[in-house]
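Written below as structure tokens is the structure these notes are about.
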Amino acid sequence: MILGIGIDVIEIARVENALARWRRLRERLYTAAELEYCAGRGRPGASLAARFAAKEAARKALSPVMPGVVPWREIEVVMDRGRPQIALRGRAARLARGCGVESLPVSLTHSREYACAVVLVLGKKNGNTVREGGGSDETRPGR
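Here you go:
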């Protein structure tokens, strides 16, 4: 079942400029594996921008399912048999499992100027789906 969907589009130059301006930003946004993968691509800036879009899309897709904001580095774009997939790490992974999240497939693309990502949250809707302000679907009025 689809529990959430998110999309994000960003200018590649915006990401490249931000990463060039603030050195620590790479370590705040990306895992070591993501940085290594993108460094080996033909257009590293485009690959990093696509991963940033994927992380932002994942945050949007998870927002109806999980409370709060997921830290950037707890969302990782990994390759699974040649296909990109979102892997959640740390607290985000534990919360997601408890909310019935099973997988987060992602579609990435980029042109010369823009990077785009779409993320689905797939899983089982259950009474543990946490909402902002507390409570679950079962405890919300009208459910």
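In the working numbering, the protein residues as written are 213 to 355. Glycine included, each C-beta is placed from N, C-alpha and C at the ideal position.
- A contact between stretches requires three or more CB pairs, one per stretch, nearer than 8 angstroms, and the region 284 to 294 fails this requirement with the region 219 to 237.
- A direct Cα-to-Cα measurement between Glu223 and Glu314 gives close to 30 angstroms.
- Using a Cβ distance threshold of 8 angstroms, Leu215 and Gly335 count as a contacting pair.
- Judged by beta-carbon spacing, Ala273 lies beyond the 8 angstroms limit of Ala329, meaning their Cβ atoms are not closer than that value.
- Taking the CA atoms as reference points, Ile287 sits about 19 angstroms from Pro256.
- Secondary structure of Val331 (DSSP, three-state): strand.
- For Glu228, the closest of Asp220, Met213 and Phe264 by C-alpha to C-alpha distance is Phe264.
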